[in-house]
Each structure stands twice: as structure tokens, then as C-alpha cells.
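Number of protein chains: 2
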Amino acid sequence: MSAPAEVRILVVDDHFIVRMGLVALINTEPNLKVVGEADNGEQAVERFQSLRPDVVLMDLRMPGTSGHEATRHIRRLVTNARVLILSAFDGDGDIHAALDAGAHGYVLKNATGEELIPAIQAVAMGKRWIPREVATRLKSRNSYEQLTAREIEVLNELARGRANKEIADTLKISEYTAKDHLKSILAKLRVADRTQAVTAALQRGIIQL
Amino acid sequence: MSAPAEVRILVVDDHFIVRMGLVALINTEPNLKVVGEADNGEQAVERFQSLRPDVVLMDLRMPGTSGHEATRHIRRLVTNARVLILSAFDGDGDIHAALDAGAHGYVLKNATGEELIPAIQAVAMGKRWIPREVATRLKSRNSYEQLTAREIEVLNELARGRANKEIADTLKISEYTAKDHLKSILAKLRVADRTQAVTAALQRGIIQL
DNA sequence: GCCATCATCCCTCATTAGAGGGGTGTCACA
DNA sequence: TGTGACACCCCTCTAATGAGGGATGATGGC
């Protein structure tokens, strides 16, 4: 795979200011060009279909359809679509979910131009791009066990401050089972109680408020 | 107070991309000019002293010295210094703390250029600028009682997953007192348990993770 | 001087949470 | 045809939690 003479880029972020910054930065590079913008996940998918950019620069956390979902959707539409995630968060849940969704790279929002431009160029050529600090996160994550879908459901109820009995009711299971899921959550996240479970899960990007 | 022929602006944000966007946006206005940038609170205070800008565009949540502290510091240096807060968060704790620190305005980061430019112009003229959505937050906040300094200390311990006994030890008070503070926190935030207290406090910007 | 607020301490008591065990059925995969 | 992972259910027991009281000293405004 070689670099196209001109790399056409779709910028996706819910913040106008961030899009403005990305456009300004990208347009300083002769072979990079922003061909479109989107401020949410659905719009990103639409614009991708009509514009067919070479690279999508995608924010993760957005109101409505998240960057994860949009990335997954785009990759389903075009198998070799190239998505570079640009996220403010270095929680390993976010990172892993993004790579799972089929992103080619993950760059933190505090990146400078010197870090971001090479990332775009690399992804445009079909390469993967994971900065060292992000890769470290990925490794550290492996030392934590993966939560099951059911456990994440329980975790979300925990974050809403639900008691075990209430969780049992909403999930239509017995309180015993709810407590069982909680037990494995505590064990997997290596924390002592439900409050720590919630803050740990927030920090790792497993759940959002 | 009238608008200076040229408004000199100091841009403070820990994200390079955001600063880039702000500079790009501001430089489209003939009478606005970015004269300096800072990526943290201490640097903001330094640059303010050496550059003496007409307006400081300040991010709130930054590693190290926060925007609140930097704003307070700058206002102590120059009584009529003009600070416009630019924050991604609409938690009422953040908003109130910013205005307490002496900020002239508060604009959300999802603001477009049409919203941000008038805000800068207004603050440059010494006016206050609070968008309607932010003002609504402020009002709704008044329906919640103010937490005391000690309660916020306890809240921070809660967020770290500390048990009542541990909180009592670190704050060097009896467990009874720790429980008392917890009781008033629950009452003031109108929640039922410690986990809800933590998530509510996070959402309202009273504490950060 | 008085009243309000805050921080502190104390006690009781019902409920919840968390740790420890036991077990069943299902489904995939080797 | 095991074997492992998962979701589910059940029981016990201790410690933690939260609600309800009562109480003191310091501080600061009015």
C-alpha cells in the first residue's frame, strides 16, 4: 500500500473548536485535505458513504451514536476503511473497544501536530498506529480480566446507585444472582466495594456517566 | 468601558488541538488577536504577567493547576483582569466555582464560532457573558444546598472508595463524625447512598476522578 | 448577647453489603 | 464426552451502612 498523492480526510468530533483545530492543522500539510466534517456518529456514517474519504479522524465519546459504533458501522460498509481514533481519554476500555471496532490507530487529544500528522499519514497507508503511552495501557489492561456482557449491565446499574435488590428487579434475576455478578466484578476489577467498582470502571472507560 | 481597537488574547488549554482551533477561529476576526498560549495553569499566570492580554480564554480542567486556581490567581494580580472560561463540562459545580474565582463568562466547548466570538467581544468590554443553557444550570444548582469544605473532603475520600472507618482515620476524626458528614452529604445531594453521592458529585463537577 | 452554622462526638437499630460456601443448566469447543 | 465459561439460584454470617436520635464547643454575624 502506498500513500495517495492526496489524502482525503473526514473529521468527526462533536466540538466545533476541535474540528476547527484539526482542519487548521491538517491543512498545513500539502498532501492532506479535509473533505468533510461531522459532529456525531450517524452523520459520520452518512458523510463517509457520500464522500468516501481515505481516512476518518474519529472522536470516541459523542452524544448519540458513539465513535465506537460509527467505526464499526463504517468498517462493515467498507472492509478496508481506515479510521484513526482521536480521544481525550486513555482509559483502556475505550482503547480496546476502539481497536475491536476496527480502528487502525488511536491518538490522544493532547497530541501535538508532530504526533498527529505522522499518525494520519501512517493510517492513510493502511498501517496501524498506536503511540507508546497507549500501547502501555493496552498491556496493563491484559492483566485485568474481561468483564462479561451481563457484568457490564450490572456495572451500569451500580453506577446509577442501584442497590442489589433493585438491580435484581430491573434485570429480572434473583438478588443472589445480582450479588454473584457483583462478586465477580469486584474480583475482576480487583476492588473492595461497589463504589470503587464504579470509579475504576469510569477511569478505565468501561462505563460512562 | 469600550472595546479596544485590538483585543489581545491569551489562550489557555492543555489540548494542542483545541488551542489550534481557538487560534484559527479568533484570527478570522479582524479586531481579535491571540498574543500567547499556555497549556497549564502556572504557565497561564506567567504568560498573563508578561503579556498582559485584554482577555484570557481559560480551560477549566487541566493537569496541575486548574483553571479555577489560575483564574483566581490572575484576578488577584490584576483586579479587572478579564477571564472567559471555556469548558467541556456543564456541571454546576464547575460553573459556580469559575464565577466565584472571578471569571467574566463561561462558554461551553461545543460552542460554535457564532457563539464564541460575541462572548470574547463582550468580555473584552468588561461585560459578563453567561449563555442561557449555563444560566439554567446555575439556577438549578441553587436548589441544591452548598457543601461545606469538610464535606467535600469526605466526598473525595468516598470517591476513592474509602470506608467510613478509613475516612475517619485519614481525616483524623471519629467514625461517628465521618458518618455525620456522610449523612449531610446524602441529604444535600438528595441521594440515598455513597455510590450515588459519588456519581452525583462527579456529574455536578463538585469532584473529579 | 443571641442565633445560626459548622465540626465534632456519642448511641441504637434495622438493613445492606460482601465473603464464603453450595448447587443447576446451557453452550461452545476440543 | 469432557471441560470451561457463563448465567443462574440458594444459604449463612460478619461487618459496614444509613437513619434516628442527643450533645458540645467554636465562630461569626446581627
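In order, the protein sequences belong to chains A and B.
Under my numbering, the first residue of the first sequence carries the number 1, and numbering increases by one thereafter.
Under my numbering, the first residue of the second sequence carries the number 1001, and numbering increases by one thereafter.
Cβ coordinates follow ideal geometry from the N, Cα and C atoms, glycine included.
Span separating the alpha-carbon of residue i from that of residue j
i       : j       : result
K1033/B : I1026/B : 7 Å
N1080/B : V1055/B : 10 Å
V78/A   : A70/A   : 12 Å
H181/A  : V1107/B : 42 Å
R128/A  : G93/A   : 19 Å
K172/A  : K165/A  : 10 Å
R8/A    : I130/A  : 21 Å
M186/A  : P63/A   : Residue identity differs from the one stated: residue 186/A is Leu in this sequence, not Met. C-alpha separation (whole angstroms): 29 Å.
T1112/B : E133/A  : 32 Å
A1024/B : I117/A  : 18 Å
A103/A  : H15/A   : 21 Å
L1057/B : L1051/B : 14 Å
A1178/B : L1209/B : 21 Å
A1044/B : I120/A  : 30 Å
Assigned exposure category for residue i - 16 Cβ within 10 Å defines buried
i       : result
S1087/B : buried
P53/A   : buried
R1072/B : buried
D100/A  : exposed
A5/A    : exposed
T1028/B : exposed
I1206/B : buried
Q1196/B : buried
R1137/B : buried
E1145/B : exposed
T148/A  : exposed
N31/A   : exposed
A135/A  : exposed
Q1049/B : exposed
Chain A within 8 Å of residue i, Cβ atoms only
i       : result
L1022/B : yes
D1014/B : yes
G1036/B : no
I1017/B : yes
G1091/B : no
G1161/B : yes
CB contact check: residue i to chain B, cutoff 8 Å
i      : result
L32/A  : no
A168/A : no
L171/A : no
L10/A  : no
A122/A : no
L25/A  : yes
G113/A : yes
P131/A : no
L138/A : no
L158/A : yes
Residues near residue i by beta carbon distance below 7 Å, same chain, minus five either side
i       : result
R19/A   : V11, D13, E37
R150/A  : H181
M1/A    : Here the model assigns M1/A a pLDDT of 49, short of 50, so the residue's position is not dependable, and the following value carries that caveat. M125, G126, listed in sequence order.
K1109/B : L1086, S1087, A1088
Residues near residue i in its chain [Cβ-Cβ closer than 8 Å; skip 5 each side]
i       : result
A98/A   : L60, G67, H68, T71, I85, S87, Y106
D1193/B : L1186
E46/A   : A38
V198/A  : L155, L158, A159, I207
Contact set for residue i: own chain, Cβ-Cβ below 6 Å, skip 5 residues either direction
i       : result
F89/A   : G205
R1075/B : A1081, G1102
A1201/B : L1155, I1207
Contact list for the segment 187-208 of chain A against chain B, Cβ threshold 9 Å:
V191, A192, D193, R194, T195, Q196, A197, V198, T199, A200, L202, Q203
Under 7 Å (Cβ pairs) to chain B, residues found in the segment 98-111 of chain A
K109, N110, A111
Give, in chain order, every residue of the segment 1036-1060 of chain B whose Cβ lies closer than 8 Å to some Cβ of chain A.
none
Using a Cβ-Cβ cutoff of 9 Å, what residues of the segment 1077-1088 of chain B are near chain A? List them in chain order.
L1086, A1088
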